[in-house]
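K.L.:
Got a structure for you, written out below as structure tokens; questions coming shortly.
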Amino acid sequence: ITLQPGDLVIVAATRQALTDLLAGKPAMLNDIWRQGVAETDDDTGDSQLGLVEAVIAPGSRMAGRTVEMLGFRRLTSAVTLGIQRRSRMIRAKLGEIRLEAGDTLLLCGPVSAFRSLRTSRDLILLEWSQSEFPTTTKALLARVITLAMVAVAAFGIASITLASVIAATAMILLQCLNHRQASRALDLRIYLVIAAALCMGTALELTGAAQLLAEMVVLAAEPYGTLAILSAIFLAVAILTNILSNAATAVLFTPIALSAAEQTGAEPFPFLLAVIYAANCAFATPIAYQTNMLVMGPGHYKFGDFLRFGGPLVLLMWAAFTIVAPWRFDL
1458 ITLQPGDLVI VAATRQALTD LLAGKPAMLN DIWRQGVAET DDDTGDSQLG
1508 LVEAVIAPGS RMAGRTVEML GFRRLTSAVT LGIQRRSRMI RAKLGEIRLE
1558 AGDTLLLCGP VSAFRSLRTS RDLILLEWSQ SEFPTTTKAL LARVITLAMV
1608 AVAAFGIASI TLASVIAATA MILLQCLNHR QASRALDLRI YLVIAAALCM
1658 GTALELTGAA QLLAEMVVLA AEPYGTLAIL SAIFLAVAIL TNILSNAATA
1708 VLFTPIALSA AEQTGAEPFP FLLAVIYAAN CAFATPIAYQ TNMLVMGPGH
1758 YKFGDFLRFG GPLVLLMWAA FTIVAPWRFD L
């Protein structure tokens, strides 16, 4: 089929596919939004367009009528992009489809217009479905800011914390994202988890509990020989580094490891390596390392996700060190 000027094309797509298409073609999105402005004289001036799903309520006055008959744009300040009926997309011209109770409408319009729809008795707004179109025109600028943040932190010009704050501020000031998008990215549950874990780690360190645990590990493994002590030190450091910071754990265990090497008459080098390697097995909790916390929010990860996937990796590192150490250091 060869398309000709004036042909009417009916598009059937998932919401994600439609969002990706329109986000990549801002001109098309603006044309869709503004095509009814001349008829309605309704232009809110809100440049931030979004998507939301709404269901035709039982007994709604909209049932039995088409969006054209209703003057839907004037009524809701939103454009209907699609209609889904009983989990199926209707392949027909939108203006000719008579609405039924239970139909799900995909609406496009200013975010401010959606707030007024919450009180509508004819439409049930699905709050969880509301999203804004990504500003793809700022994509290149956002990439540059992100790369600059990574470069500044990598070359030691500034700490990752300071670089991240500056980059986030630049994103907002340069309109790569707005304050609503930025505030939605802040998950208070993450801060509660991190604060609780940091408090626990600090308490272990200041009360001497961490020191006591370290000494108990060495005493428990001592009867089984040098390799058992080395393996136990690695495992203890790997566990505590996910609760304390890796630097604090390394400082705590280094003198203990050297003392254990002296008591057993072994070379101190493998014991120091055990502390160094294990202190960097920071995979099992979000507080173990700064980058874990950086990806926790954007990736929508939970504390249990780190434990589920990072825990086995820590055990794998421990097992590998325990197997290789006797061969490498003649223990």
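For the sequence shown, position 260 matches number 1717 in our numbering, and the numbering has no gaps at all. Glycine residues also receive a C-beta, built at the ideal position from the N, C-alpha and C atoms.
To the nearest angstrom, report how far apart T1706 and M1673 are at their CA atoms.
P.N.:
Numbered from 1 along the sequence shown, position 249 holds the residue referred to as residue 1706. Numbered from 1 along the sequence shown, position 216 holds the residue referred to as residue 1673. For T1706 and M1673, the distance between alpha carbons rounds to 15 angstroms.
K.L.:
For the putative contact between E1724 and F1786, defined by C-beta atoms under 8 angstroms, what is the C-beta separation to the nearest angstrom?
P.N.:
Residue mapping note: residue 1724 aligns to position 267 of the sequence shown, counting from 1. Residue mapping note: residue 1786 aligns to position 329 of the sequence shown, counting from 1. About 7 angstroms separates the two Cβ atoms, so the contact holds.
K.L.:
For A1511, write down the residues that DSSP places opposite it in a beta bridge.
P.N.:
As a first step, residue 1511 must be located in the sequence shown, where it is residue number 54. Bridge partners of A1511: L1562 and L1582.
K.L.:
With 16 other CB atoms within 10 Å as the buried threshold, where does E1510 fall?
P.N.:
Counting from one through the sequence shown, the residue named residue 1510 turns up at place 53. Buried: at least 16 other Cβ atoms inside 10 Å.
K.L.:
Using 8 angstroms as the threshold, is the region 1525-1536 in touch with the region 1566-1584, meaning 3 or more CB pairs across them?
P.N.:
yes
K.L.:
Look up L1506 in the DSSP assignment and give the residues it is bridged to.
P.N.:
Numbered from 1 along the sequence shown, position 49 holds the residue referred to as residue 1506. Answer by DSSP bridge pairing, in chain order: P1567.
K.L.:
Alpha carbon to alpha carbon, what distance is there between A1627 and M1606?
P.N.:
The residue given as residue 1606 occupies position 149 in the sequence shown. The residue given as residue 1627 occupies position 170 in the sequence shown. Roughly 10 angstroms separates the two Cα atoms.
K.L.:
Got a sec? Which residues, its chain only, sit under 6 angstroms from A1620 by beta carbon, not counting five neighbours each side?
P.N.:
Within the sequence shown, residue 1620 is the residue found at index 163, counting from 1. M1606, V1609 and A1610, listed in sequence order.
K.L.:
Short of 7 angstroms in beta carbon distance, which residues of its chain neighbour V1771, apart from the five on each side in sequence? Order them along the chain.
P.N.:
Against the sequence shown, residue 1771 aligns to sequence position 314. The answer, listed in chain order, is A1695, C1738, F1740 and A1741.
K.L.:
Please go through the same chain and pick out, in chain order, the residues whose beta-carbon is closer than 7 angstroms to the beta-carbon of A1678, but skip the five residues on each side of it.
P.N.:
Mapped onto the sequence shown, residue 1678 falls at position 221. Closer than 7 angstroms at Cβ, skipping near neighbours: A1685, I1686 and A1689.
K.L.:
Does DSSP put V1466 in a helix, a strand or coil?
P.N.:
Position 9 of the sequence shown holds residue 1466. If DSSP states are grouped into helix, strand and coil, V1466 belongs with coil.
K.L.:
Kindly indicate which residue of I1700, G1761, A1718 and S1573 has the alpha-carbon position closest to the one of T1659.
P.N.:
Numbered from 1 along the sequence shown, position 202 holds the residue referred to as residue 1659. The residue with the shortest Cα to Cα distance from T1659 is I1700.
K.L.:
Around the Cβ of L1649, are there at least 16 other Cβ atoms within 10 angstroms (buried) or fewer (exposed)?
P.N.:
Against the sequence shown, residue 1649 aligns to sequence position 192. So L1649 ends up on the exposed side.
K.L.:
Check whether the region 1513-1530 touches the region 1546-1556, counting contact only when three or more Cβ pairs, one atom from each stretch, lie closer than 8 angstroms.
P.N.:
yes
K.L.:
Quick one: using the 10 Å Cβ neighbour count with 16 as the cut-off for buried, is L1631 buried or exposed?
P.N.:
Sequence index remark: in the sequence shown, residue 1631 carries index 174 (1-based). The residue is exposed, with fewer than 16 neighbouring Cβ atoms inside 10 Å.
K.L.:
Taking all protein chains shown into account, do 16 or more other C-beta atoms lie within 10 angstroms of the C-beta of C1656, making it buried, or fewer, making it exposed?
P.N.:
As a first step, residue 1656 must be located in the sequence shown, where it is residue number 199. With a threshold of 16 other beta carbon atoms within 10 Å, C1656 falls short and is exposed.
K.L.:
Alpha carbon to alpha carbon, what distance is there between L1643 and R1530?
P.N.:
As a first step, residue 1530 must be located in the sequence shown, where it is residue number 73. As a first step, residue 1643 must be located in the sequence shown, where it is residue number 186. Going from the Cα of R1530 to the Cα of L1643 covers about 34 angstroms.
K.L.:
Mind checking V1781: buried by the 16 CB within 10 Å criterion, or exposed?
P.N.:
Here the question's residue 1781 lines up with position 324 in the sequence shown. Burial call: exposed.
K.L.:
Which value, in whole angstroms, describes the spacing of the CA atoms of G1756 and T1748?
P.N.:
On the sequence shown, residue 1756 is found 299 positions in, with the first residue counted as 1. On the sequence shown, residue 1748 is found 291 positions in, with the first residue counted as 1. Approximately 12 angstroms between the Cα atoms of the pair.
K.L.:
State the start and end residues of the unbroken alpha helix (DSSP H) segment that holds P1783.
P.N.:
Sequence index remark: in the sequence shown, residue 1783 carries index 326 (1-based). Element bounds for P1783: F1760 to F1786.
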